[in-house]
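Enquirer: Mind having a look at this structure? Questions to follow.
Protein chains: 2
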Amino acid sequence: MAKLISGNDISKEVRDEIKAEIDKIRAKPEHADFTPGLAIIQVGDRSDSNVYIRNKLKKAEEVGIRAVHIKLPPSTTQDQLEAEIDRLNADDAIDGMIVQLPLETTSPIDSDSVIDRIDQRKDVDGLTRENAGRLARGELEGTIIPCTPRGCLYLVQKATGDENYVRGKKVVVIGRSKIVGSPAAALFMWHHATTTICHSRTANLKEECLQADVLVVAIGQALKVKGDWIKPGAVVIDCGINVLENEGANGKNKMVGDVDFESAKEVAGFITPVPGGVGPMTIAMLLKNTLDQARKRRLEASTGGRWSLR
Amino acid sequence: MAKLISGNDISKEVRDEIKAEIDKIRAKPEHADFTPGLAIIQVGDRSDSNVYIRNKLKKAEEVGIRAVHIKLPPSTTQDQLEAEIDRLNADDAIDGMIVQLPLETTSPIDSDSVIDRIDQRKDVDGLTRENAGRLARGELEGTIIPCTPRGCLYLVQKATGDENYVRGKKVVVIGRSKIVGSPAAALFMWHHATTTICHSRTANLKEECLQADVLVVAIGQALKVKGDWIKPGAVVIDCGINVLENEGANGKNKMVGDVDFESAKEVAGFITPVPGGVGPMTIAMLLKNTLDQARKRRLEASTGGRWSLR
Ligand SMILES: NC(=O)C1=CN([C@@H]2O[C@H](COP(=O)(O)OP(=O)(O)OC[C@H]3O[C@@H](n4cnc5c(N)ncnc54)[C@H](OP(=O)(O)O)[C@@H]3O)[C@@H](O)[C@H]2O)C=CC1
Ligand SMILES: NC(=O)C1=CN([C@@H]2O[C@H](COP(=O)(O)OP(=O)(O)OC[C@H]3O[C@@H](n4cnc5c(N)ncnc54)[C@H](OP(=O)(O)O)[C@@H]3O)[C@@H](O)[C@H]2O)C=CC1
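Quick mapping for you: the protein sequence lines, in order, are chains A and B.
Here the first sequence is numbered in the working numbering, starting from 23 and rising by one per residue.
Here the second sequence is numbered in the working numbering, starting from 23 and rising by one per residue.
Here's what the structure looks like:
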């Protein structure tokens, strides 16, 4: 029977550590006003985005990060959005910014090139092409790691109590999106795992999974990965967020992961639940990225050489 | 007994096609003076670099690409080198440029940030971080693919006669350098292979290799991969270039790959020799990248939107 990896508990610890770290910096008289600043840019008024953003604002405030919500109308053009990003790039009070996706917009906007416009040092979602390139090449020092992959790795490290747990181990990542699967595969590989990346064209998904010492699933397919796909004792990290309509208690909706938790927990060594696994880690890592960048940009300004300033 | 994949023959075909393509473009009166331009920047006077560059200049000229060799003294500073790149970025006659590595220099130069300074559209080695990021995310249309990985994939496609050969197949890449292993793994994965990347920390290298339908080896370890590491019928692509001193005929040096060709050819379905396998493909793909970028920049100028111009 697997040990449960509580993303709720571990993310709480991370947020507590962030708060303590900020307090510690502020305790020095010369940094008494140290307040990391995070900007969340929203285009439109999607209700799911509103919920996510409200949660990010609340969690940021709790740890002592000043988060500002910049809500632009759906009529915003690409030029206007980029002008907003330029303004935030130039704003010394802002240490990180994210563009809440998907955009709700009436004009054609290329969100990838909008995101590429973010100053590399302020890209706390780690989603610019340059950050993706740095991560792909293993330049971990100079890279801002995307939040969900960073959360996945952290859960493995914390659950096993071994920072180097994945080194030399076999990691299988299912999914290759630019937000979760691809950066997760790169991150684990550069922590020296032998890494396989699977996707919708993979022929023998079950056989690939059975080899995994650590299995990271990010496909958005409810309950796809079964217990008999899992190597006994493996660490199973389930990123999936799927809603089964009317299948919860009293006919309510039920949230499930990409892994069939009930059968998987009988075989795995460690497993994340959904909800309460990877989900809460994503925000915690966003806050951690913001603090890290604030520290680098404000307190260690001399490391500028690692970054290509344009 | 494996079929031999002749990089000599296939690279010759590619170069002939490039020449024919350039001639065809020039046959149109409005493009009569179409001449792709390639700049090769060298710092210092390493004799191996001199040989490689001479070969590139010669092969470029043969196909109708105008290649210029810009040789800077070892005393060149990073600022001076970047100024040279800026000049070439602005030079409309130049469609592609490469920095010959390693630099031979007496001043501290960060070659990664020098390369990042190359206009993305002129980065025909595909070695900027932005191109690495595009490739990692599968934006194959907008990416310049690094030459050696592009050559590896092309050899598989040509040898098997199937452009989609790797789709759904298991590909194992050994090596994770930014020039060969990492981009090769990304390239094969985005051609829809299930891809495993191995490196010096991989625990069971032989077992990983035995699963490969296509095995790409880029480790720089003479004769490391043996016949009994190979799945019968697999396609084996050997990028290695290793010199065994005094082990050739008459005590001369002998060039060998990372694969033990003699035992591997008994098991593999297809195999590249060394020399005459991957090696000659690298230059052919450099010329192809140069032609592709010249065509995009000069003849299809309206596609500019795909590129983030800075
Ligand atoms: N916890 C959190 O904070 C976050 C959770 N998520 C959740 O993670 C999941 C994945 O998200 P995201 O990466 O953005 O999703 P995407 O839809 O962008 O990517 C899904 C990936 O899974 C692959 N895939 C889909 N179906 C299968 C299958 N049957 N077998 C194998 N591979 C398959 C796809 O392959 P192909 O490329 O071939 O199409 C694709 O690479 C979702 O449930 C999402 O809600 C996402 C972000 C944050
Ligand atoms: N044909 C051509 O045109 C070209 C050929 N080459 C040749 O390809 C080979 C590789 O080049 P390059 O990628 O630049 O080399 P690098 O030295 O940069 O990288 C070698 C990679 O192989 C891994 N590796 C080394 N030893 C082992 C081992 N025993 N088992 C498993 N993995 C190992 C290393 O792992 P780790 O990361 O853990 O250290 C590293 O990732 C060389 O022989 C080179 O000459 C290179 C470029 C072009």
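Don't be surprised by glycine CBs; every beta carbon is placed ideally from N, CA and C.
Here the structure is a predicted model, which is why all the values come from computation and not from measurement.
What separation, rounded to the nearest whole angstrom, lies between the Cα atoms of A:G164 and B:V247?
Expert: 34 Å
Enquirer: Which partner residues does A:A61 have in the DSSP bridge list?
Expert: Here A:A61 is bridged, per DSSP, to A:V90 and A:M119.
Enquirer: Would you check whether ligand 1 has a heavy atom nearer than 7 Å to the C-beta of A:K246?
Expert: yes
Enquirer: Please identify the residue among A:S69, A:A206 and A:F283 whose C-alpha is closest to the C-alpha of A:W251.
Expert: A:F283
Enquirer: Indicate whether at least one CB of chain B lies closer than 8 Å to the CB of A:K200.
Expert: yes
Enquirer: Under 7 Å Cβ-Cβ, which residues of chain B neighbour A:H214?
Expert: Among the residues of chain B, those whose CB is under 7 Å from the CB of A:H214 are R223, following chain order.
Enquirer: Helix, strand or coil: which one does DSSP assign to A:T128?
Expert: coil
Enquirer: When you compare the CB positions of B:T128 and B:P96, do they come within less than 8 Å of one another, or not?
Expert: Their beta carbons are under 8 Å apart, which means B:T128 touches B:P96 by this criterion.
Enquirer: Could you have a look at A:L245 and say whether DSSP puts it in helix, strand or coil?
Expert: coil
Enquirer: Identify the continuous beta strand (DSSP E) that holds B:T217 and give its terminal residues.
Expert: T216 to C220
Enquirer: So, at 6 Å on beta carbons, what are the nonlocal neighbours of B:S330 in its own chain, with the 5 sequence-adjacent residues on each side left out?
Expert: Note that B:S330 scores a pLDDT of 42, beneath 50, so its modelled location is shaky; the value from the coordinates is reported in the next line. Once the five neighbours on either side are set aside, B:S330 has no close Cβ partner at all.
Enquirer: Got a sec: does ligand 1 put a non-hydrogen atom nearer than 7 Å to the Cβ of A:R223?
Expert: yes
Enquirer: Establish whether the CB of A:A82 and some CB of chain B are separated by less than 8 Å.
Expert: no
Enquirer: Hey, is A:I47 close to ligand 1, as in C-beta under 7 Å from one of its heavy atoms?
Expert: no
Enquirer: Less than 8 Å between the C-beta atoms of B:H221 and A:R223, yes or no?
Expert: no
Enquirer: So B:R156 contacts chain A; which residues on that side make the cut at Cβ distance below 9 Å?
Expert: Here the neighbours are R151, A154 and G155.
Enquirer: On the DSSP bridge assignment, give the partners of B:K50 in chain order.
Expert: Answer is none; B:K50 lacks a bridge partner.
Enquirer: Where in the stretch 175-220 of chain B do unbroken runs of the beta strand (DSSP E), each at least 3 residues long, occur, reported from the N-terminal end onward?
Expert: 192-196 and 216-220
Enquirer: Are the C-beta atoms of A:K253 and some chain B residue less than 8 Å apart?
Expert: no
Enquirer: Give the residues of chain B in contact with A:I62, contact being defined as C-beta atoms less than 7 Å apart.
Expert: The premise fails here: A:I62 is roughly 23 Å from chain B at the closest Cβ pair, so nothing lies under 7 Å.
Enquirer: Consider the Cβ of B:I219: report whether some Cβ of chain A lies at a distance smaller than 8 Å.
Expert: Yes - at least one Cβ of chain A is within 8 Å of the one on B:I219.
Enquirer: Per DSSP, what kind of secondary structure is B:F56 in: helix, strand or coil?
Expert: coil
Enquirer: Taking only beta-carbon positions, decide if A:M211 is within less than 8 Å of chain D.
Expert: Chain labels in this structure do not include chain D; the protein chains are A and B.
Enquirer: Hey, A:A206 and B:A158 are a contact pair by Cβ (cut 8 Å); roughly how many whole angstroms apart?
Expert: Not really, about 12 Å apart at Cβ, beyond 8 Å.
Enquirer: In chain order, what residues of the same chain lie with their CB nearer than 8 Å to the CB of B:K310, ignoring the 5 residues before and after it?
Expert: Only V36, I40 and R172 meet the Cβ criterion.
Enquirer: Quick check on B:G183: buried or exposed, where buried means 16 or more other Cβ atoms within 10 Å of its Cβ?
Expert: So B:G183 ends up on the exposed side.
Enquirer: What does A:E230 reach in chain B if we use C-beta pairs closer than 7 Å?
Expert: T216
Enquirer: Any residues in the stretch 185-196 of chain B with a beta carbon nearer than 7 Å to a beta carbon of chain A? Which ones, in chain order?
Expert: R189 and G190
Enquirer: Which residues does DSSP list as the beta-bridge partners of A:N264?
Expert: A:V278
Enquirer: Does any C-beta atom of chain B lie closer than 8 Å to the C-beta of A:G203?
Expert: no
Enquirer: State yes or no: is the C-beta of B:R48 within less than 8 Å of the C-beta of B:Q315?
Expert: Cβ atoms of B:R48 and B:Q315: not closer than 8 Å.
Enquirer: Is B:S199 near ligand 2 - that is, is its Cβ less than 7 Å away from at least one heavy atom of it?
Expert: Yes, the Cβ of B:S199 comes within 7 Å of a heavy atom of ligand 2.
Enquirer: To which residues of the same chain is B:D138 closer than 7 Å at the C-beta, ignoring the five residues directly before and after it?
Expert: Excluding sequence neighbours, B:D138 sits near T150 and R151.
Enquirer: Evaluate the contact criterion for the stretch 252-268 of chain B versus the stretch 278-296 of chain B: three or more CB pairs, one atom per stretch, below 8 Å.
Expert: yes
Enquirer: Would A:R37 pass as an interface residue toward chain B - the criterion being a Cβ-Cβ separation below 8 Å?
Expert: no
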